[in-house]
Structures are given as C-alpha cells and as structure tokens.
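Comments concern the structure below.
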Amino acid sequence: MFSDPPQPASPSAGRPAAGNDEIKAGRSSVRSATGHHDIKAAGAQVIEGADALAPAAPRDQAGLLDPAFLQRLEALSLVSRRRVRGRQHGERRSLVRGRGIEFDDYRAYEPGDDYRYIDWNIASRLDRLFVKLFSEEEDLDVRLLIDTSRSMAAGAPSKLLLAKQLAAAIGYIGLVNLDRVEVGVFSSGPGPRLRRLRGRSRAFDLLRFLEGIVPEGTTDLSLALRRTLDESSRRGLLVVISDLLDPHGYEDGLLRTRHHGMQTFVIHVLAEDELAPRLSGELRLIDAETGRAVEVTIDADALRAYAEARDAYLEGIQQFCFRHSIDYLRTTSGVPADSLVLRYLRQGGLVR
Amino acid sequence: MTFGAPAALWALAAVPVLIVLYLLRVRRREHVVSSVLLWVKSQPSWAAFRPSRRVERSLLLLLQIVAAAALAAALAQPALLGWTAGSGDVVLVLDGSMSMRARDVAPTRFDRARAEARDVLAHLGPDRRAALVLAAAHPLVLVPPTADRGRLAAALAHAQPWDVAGDVRGAIDLAAQLVPGPHGRIFVWTDAARSPVPALPNVTARILGTADENTGVVALRVLPDADTARVLVRVTNFGHAAVRAPLRVTRDGSAAYGATLALAAGETRTVVFPVSSPRGKADAGVLRAQLDVRDALPDDKTAEALLAPAPLPSVLLVGPDDPPLERLLRVAPVSRAAVTRETDPAAWRGYDVVILDRVTTGAVPPGRYLAIGTVPPNLPANPSGVVDAPDIATWDRRDPVLRFVDFGDVHVRQALRLAPDSGRVLAAGPSPLLWAYESRGMRAIVLAFGLGDSDLPQHVAFPVLVVNSLAWLGGDTGGLQAGQTLEVPAAGGDRAMVVRPDGTRIDVPARDGAFAFALPRAGVYRLTTPAGERAVSVSVGSETAGLIAPGPAAAAASQPPVQRVLARLALWPWLVLGAAAVALGEWALATRRRGGDA
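Below you can see the structure in the form of structure tokens.
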C-alpha cells in the first residue's frame, strides 16, 4: 500500500529519506547497459561555471543545483539500456560498427573494405581475411520533458522546482558525457524547447532555460508527447517529469513513446497534500488547472475514500509502466533532488 | 411550567425550516487544489453529500436548532408559577365559567388550571397558607386561607366549572380581601373570555385557551299556553366564522323539531315552535335540544327543559274577612287556598305561602309570606308610624313582582311607614310602600297598606300584583338559571334529595324552613321532598357563557403591575440569554474550525 513506502535499499548510500517522503522506483524494464564509459572527473571550470549558475541561495528562489552537487554529478552518466544511434561521435557505443576504437567483432573481408581494418594476425594464421569491427561511439539523444502545468506549482517546495532540479541534474550529467540533450516543457501542448545541447559548456544555457520555466496551462501529456515525437524520429532516452494528474489520461502518450522505440523514464512527482490531504469540512475544491469545482464534505470517510482512489490510481500507473517496460519513479516534492539523483535514480537505473 | 402565549410555540416550526435551509444552502469554503482528479475518482466520498449525513454530523446545526428552539420557547413566555421567596399568603382563583370546560387545552382548560394550581401548592413552603376561590356566578371561597394542604387538594379535586359566566373580577376582589397586605399573592387561572384580568400588583394571571370557535344553545324555554306550549330555542355562533348548525329537538326521545341553522359569525338565531302541553298534567315530558356541531366546547351543545309548568303553590290566608282577596284566591293559579284566623304559625304548616292580612303576629318562622298592612316583627322593616295619603310615586316595573303592574291611578289613604334595613323596595312614595325581602329560608313581600285603605282592589293592578307575588313567593322556577340558588319551602320536611342533570345525587337538609341548594349546571334537576317530587329546569347562567375566545395574553401582560409580577417568574429572559450564548458559541465554532460554515 501507498502508506507503507519502501525503505531505501541502502540507507548509507545517500541522504536518508525523510519520514514522509515517498519513493518508489520501478525496475520493471531495466536492462543492463552493454556500453561502458569511464567517468571523467569534473574540471575546475565546470565547478566554477556551475557555481556561477547555481549561487548559494534558498532552494526555491535561486540556483537550481548546489555546486557541490554538480561536482558529484560529473561522476555520473546516463544509462541507456539500448544501443542507440547518435549523430555525432560521442562516448556511447553506437549501433553502427565502424571506426570506433572499441573492438566489437570480426567479419569476413569483402571487396571495398578498408585494408586498415584487416586483422593481419588472423590472416597469417588462417589464410583468410577478416576485418575488425569497432563499435562506433556516438552521442545519446537525451530528451527531458517537464510538465509545467499549473498543478506543478503545488507542494512545498513545489513540484515544478523539483522537476527543474531533476531536469538540471540529468541534463548536466548528459552534457558532461557529451550526450545530446534536449529540454522541453509541456502543458496542454509542447512549449519552449532547448535543442541540441552538447558539451559541458552548454550547462549555462540549460540551467538558465530551466530557471525561466513558470507553471501555466493544463496538462495534456498525450498531445505533448505526440508532437514531441513527431518532430524527430531519433531514438534515445526520454525522461518525462510530471505529476501525471492528467484528466485525459497518461496511457496514450506513454505508449506512443514505446512505439517510437524510446527508452522512457517517468519521474512521477507529487505533493504531500495530494497524497494525504489535510482538509476537512464543507469545501468547494477548485482545480488549479481547469477551474472545475467539486463540492465535498470532507470527513474521515471521505478521506478514506480518497486514499483508496489515490492508491488505485498510483497502482494503475505503476502496473502500466511495468507492462510496457517503462521505467517509473515516484517521489514527492519534499525529497531533495540530490538524494533522488544520487540514490534513487541510481537504483532506478537511469544514472550510474 | 406555564406558557403565557402558547400559540407562540408554533414558532418551533422554524426548526425543520432551519434544517431544510441548512441542507439547501451552499456555503462552502473554496479551496484550490492541484487537481480534483482523485476527488472525482473517490466515488464513495460522494456519499458524504447525503443530507442526512450532513445533518447527523453537524454540531453547528445542532447548536442552531437549540438556539432556535430556545427562542421559540421564549416567545411562548414560559413561566414558573412556583416560587420559594416571599412570606405572604396565597389565593388560588380558578375561573369557574362554562368556557373553562373547553377542550382546546387538554384535557380541559379547567383541568389544566387545576393541575397548575396543584403545582403551585406543591411549591409552597409548609408554613405558607393558601386559599381557594372559585369564580362562579358569584365568587365562592372553597377553602379559606389555611396551611392544610389536604383540604386544599380535596377542594381542588372537587371543584368544577359552572354553566355560567364566571365573575373573575369579583373573585379577585374577594381574594384580595383574603390576603391583605403587600406580601399576599393571587394566582388567577382564567381564559379571560369576557373581561380582562384586572391589573393588581399582586396578581399573576394565567390565560388559558387557544380556540375561539364555538356554537351553542344559549336558551331553551317553554312558554306554556292553554293547551299547547311554545318552545323557544336560541342558538349563538360565538366564533368568527360562519357555521351551519343542525338543530334537533326531541321530546322524551321523540323528534319534535329539526332544522339546520346557518349562522354568521356572532349571530344569534331564535327558533320558536309549538308543542302540545295539556294543562294540569304533572309530567308532560322533557325537551332536549341538541346541536350537531363539533368544536372545543361540547357542553353547550345540548339543553334540557321541562315541558310541564311549575307546580302551583298552596296558599293560606290568615286574617279577618277580606272579600276582594278571597275572591281573587278562588281564581288565582294556586293549588289550594284556605282562610284562617289562627295566628299561631304551627297552624300554618302544609302551605307554601301564607298571606298575613292585617293581623298582628309574633315572630314568624322561615317561609313564604305576603304581609298586607302588617309587618311580622322578625322582618327587618319595622314600621315607625303611619303615612297619610301617600302617593305611589315610583315602582320597579322590571321586578317580576311588579311585572305588568301599574300603580298610576291607585290611591292610598293610609299606610305604614316602613323603615327597611335590607331587602329591596319595589314601590315607594314618602316611604316604602311595597317591600320584598329574601334571606335564608325567608321570602316575604310587605304591602304597607291594607286593601281597605286603598282603592287598589278596584284596579287591574290588584290581581296582577297578587298573582305575581304568589308566583315569586311560591318559587316559580320558570326562569331559573345556572349559578342561582334554588330555595324550596320545606313545608315541614327536614331532608330532600336532589338529582342534578349529570346524575349526581345530593342530600339537602332543611334549613330555616326551606331546602336551599345551588344550581351549578344547566339542565333538569329533580327534587324529592316529603311533600312529593318535582322537577325544575335550569338554563345556562348567561347567554355569553359560551364565549370561549381567550382574552389576549398580551393585553394582560401589557399592564405594568401584572407584568412586573410575571417578570419575576418568567423564564424567557433566561431562554433568550441561553439562545444568544449558544448562537455565539456556534459562531465562534464556525469561524474557528477549518471548512466550517457559520
């Protein structure tokens, strides 16, 4: 049940979750990544740059990420459980075998093959010509899609702040690993988008873009994902950060990402008050997004019914993601972003 | 506990209205949430919108109901009639009017008054004295001031309203004499249907009754004729709405008359119809008039009257020869007449009326006397000489004795100079010339001059005067009304049995030569004496006795002295304070709790 959150697998691995923080990591579709990349230490420039981008200030008001946290992020990389085909040489093994430096396989020589890749040692032993195949290291398409509907303003701190912090952290990890990072927001449709970020130097653009996001509009995840996926057929890692409080449903949009062959990771952000409303009496509840009003008499029975509906709804999302090999992580806005990234996203298989 | 304005209890109907308004009103606190998606999905929570659930869960509503009920109760002016302070005596005055039999206050107004009077007695300290006064046709002190609670309780239990319009004002005056001084308290239970309660500083009035619609038989009389009789039935609608009243008159159970009377508000309708009534027949039957109307006062829907005329008196003439008078007695309506010169009262036994004609006697025993030219010494009208040629200047034409009597041409040569101490003067010149006296067992008429000293026998007034006098002296009961006391000459008997209209029997001893008993109810009374059995019919004491509309409580309360007394006992200020406190608490609670509504 929702009221009994699982404890972190390794409490010592990071900051302990707060008593009421809700963490669930779906590992239903986790597959071991075949590629391997060394994690390079963050340079002093990055730290300086990150420090300039994230000044020490209250979490809700100033920089999204703490400089020390940024420094720790440089030791991480995003995990792609599939071989993807990038556009530029990167630090990720490509589907395309060719001129990379990492040996992958042999095949028989065919006319036209580059002589330089003939393994002469084998030829001398077997009197047959084989060429060596190398995995071409390409970049990873990382798309971060942030729900900026008005409902994301709920929570203390707000769900949107956590979403931006997570997007900043994941995006930063991608940038330092030379992945191609794209950040977009959505509400009732695709919103502003920051495309083709690559390299550590674009971290400033990423963070500035994220800081400028404000909550507005209503949630239509399906429409937003359809338009996003229609713009590019490239596969890659798609990270959706949303509260999934979409009256139109979340199923169509997420299924579409699967049909496009995207590796989808859903980070479900909820506010404490959405999980356990602290309301009572005769109320007229007004939907922050749609303005729809519902008159309720909230007492113990009503709260019990709400909890049942909530559990069923969250269980439905979890089961849906499990069935369709979509990674799923649920959290509340009160959980610190560094704890989420360094601990739970690691457990969830998004970073390593 | 009493209510000064019980009709205000209808304000309690505001309580269900309050509940309905509570259910209908929409006063919810608006609260913005990120999404109502989960609230909509929580279908069972919609059950929380059931009105019954809201009602049963709402403390605020409960407080509002308590406040409204307290206010409604305050409007009814509840008061406690018992008290613990004070040291004076108490007089309980119960209105004994017929209207107190109305059943709009269960079981009847009088029974309610009786119960509340018992409550007052129960709250009195053991050393406090109390008296009980019944406001019947005349104020009756049922129990003088006493601390004997048992006696008071017994008197209360036996007290019953009469078929009269009670003299409440007289009863209060009498009560004020019973408890003189500033500490005496008078509690009055009445419906004030005919007159408001007088404003006295020490009077606490309790107005009973709510209904005002009543239609009743106010008179049933038989007017004898030669061989027939005419029956008069009078019906009055005391209410404020027109009614159709089916009237049925039976004679010994057989239908004698029937009609449906359409009576406008306040209208009185008189019906006269003939019935056969053979003269001289002792028992010609009982007429019973009945109205088929249902209202709060069923007691005045029936009336009974005797069809037979009253028995004629027997007359003894004592004195010297008096040819005109003797000739008249031969034809006058008397059962028998005799003449004697014997002045010993022992020789007069067996006669209803004794005519003392110019004879000097000693003190006469109680009885019926027509004294002509003489005054028995025990009558309070001792003559002081004579008056020559007195002129009969005035006479009371309304008195039954002088009905149809005209003294205009009568001349008197000499008359006794009467100096009555009591009684009533019926005709007078320089001195009383015709004087009537009535006291316990004694009824007398004194004509101050002898027939030979005037030309009265030559006038029509003579036989009319004698016949009227004999009828009055003989106890003509044709006009008896409830509330009166009937005195019948004992004629030598010592006990009589009276059967009242309701069937109760009372044993009446002879006192001062007569059987005297009260007539509290209308109907036919049957009297059994050693001389025989006779019946008398009694009509309602007043034609306004059927007024049942209670007097306005506000009028009584508006009189400052009464109001001041009531205020000391009233509960409504406390109820108003309680309602205000509850309303304040409800407001504080509503503004403090989250999601609450005031």
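Line order of the protein sequences matches chains A and B.
Start counting the first sequence at 1358; every next residue gets the next number (my numbering).
Start counting the second sequence at 69; every next residue gets the next number (my numbering).
Even glycine gets a Cβ: it sits at the ideal position worked out from N, Cα and C.
Predicted model, so just to flag it, every value in this text is computed and none were measured.
When DSSP reads this structure, I440 (chain B) sits in a beta bridge with B:D425, B:L515. Remark: C-beta atoms of G491 (chain B) and P434 (chain B) do not approach each other more closely than 7 Å. Annotation: S1690 (chain A) to I1503 (chain A) spans about 14 Å, alpha carbon to alpha carbon.
About 5 Å separates the Cβ atoms of L1640 (chain A) and H99 (chain B), confirming a contact at the 8 Å cut-off.
Here L484 (chain B) carries a strand assignment [DSSP, helix/strand/coil].
Annotation: Cβ neighbours of V108 (chain B) in chain A (cutoff 8 Å, chain order): V1651.
The bridge partners DSSP lists for K369 (chain B) come to none. Take D157 (chain B), set aside five residues on each side of it, and the residues of its chain with a beta-carbon closer than 6 Å to its own are R197, P213, V247, G252, in chain order. Around the Cβ of Y1685 (chain A), a 10 Å sphere holds 16 or more other Cβ atoms; the residue is buried.
Around P1547 (chain A), no beta-carbon contact reaches into chain B at under 9 Å, the shortest distance being about 21 Å. Here the alpha carbons of Q482 (chain B) and A617 (chain B) stand approximately 57 Å from one another. DSSP links I275 (chain B) through a beta bridge to B:T258. Listed along chain B are S102, S103, each with a C-beta nearer than 9 Å to that of E1646 (chain A). The residue among A:Y1529, A:G1541, A:C1678 with its C-alpha nearest the C-alpha of L1435 (chain A) is A:Y1529.
For the 7 Å CB-CB criterion, L1490 (chain A) and D1462 (chain A) form a contact. Residue contact check for E654 (chain B) against chain A: no CB pair falls below 7 Å.
One Cα belongs to L538 (chain B), the other to A73 (chain B), and the distance between them is close to 53 Å. The region 177-249 of chain B contains, as complete beta strand (DSSP E) runs of 3+ residues, the segments 198-203, 207-214 (chain order).
DSSP places M1619 (chain A) outside both helix and strand once states are collapsed to three, so it counts as coil. Within the DSSP bridge table, the entry for N305 (chain B) names B:T283 as partners.
At least 7 Å separates the beta-carbon of V1596 (chain A) from that of L1497 (chain A).
Closer than 7 Å to the CB of L1578 (chain A) there is not a single CB belonging to chain B. Here E1539 (chain A) is bridged, per DSSP, to A:R1500. The region 522-592 of chain B contains, as complete alpha helix (DSSP H) runs of 4+ residues, the segments 529-541 (chain order). In this structure S1545 (chain A) is not in contact with T1505 (chain A), their Cβ atoms being roughly 10 Å apart against a cut-off of 8 Å. Looking only at B:A613, B:I87, B:G476, B:T304, the smallest Cα-Cα distance to G334 (chain B) is reached by B:T304.
Following the DSSP letters along the chain, one finds D1644 (chain A) inside the beta strand (DSSP E) bounded by residues 1638-1644. CA-to-CA, the gap between A1432 (chain A) and E1539 (chain A) works out to about 21 Å. For G1548 (chain A), the enclosing beta strand (DSSP E) has its first and last residue at 1547-1554. At a beta-carbon threshold of 7 Å, the residues of chain B lying near A1666 (chain A) are L106, K109, S110, ordered along the chain. Taking the Cα of V83 (chain B) as reference, the smallest distance to any Cα among B:W230, B:L130, B:V101 is reached at B:L130. Under the Cβ distance rule, I1643 (chain A) counts among the residues neighbouring chain B, one pair being separated by less than 7 Å.
By the criterion of at least three beta-carbon pairs nearer than 8 Å, the region 229-248 of chain B is in contact with the region 164-172 of chain B.
Across the region 1582-1603 of chain A, CB contacts with chain B closer than 9 Å involve D1600, L1602, D1603, in sequence order along the chain. Within the model, the alpha-carbon separation for T553 (chain B) versus R579 (chain B) is close to 13 Å. At the C-beta level, K1521 (chain A) and L1421 (chain A) come within 7 Å of one another.
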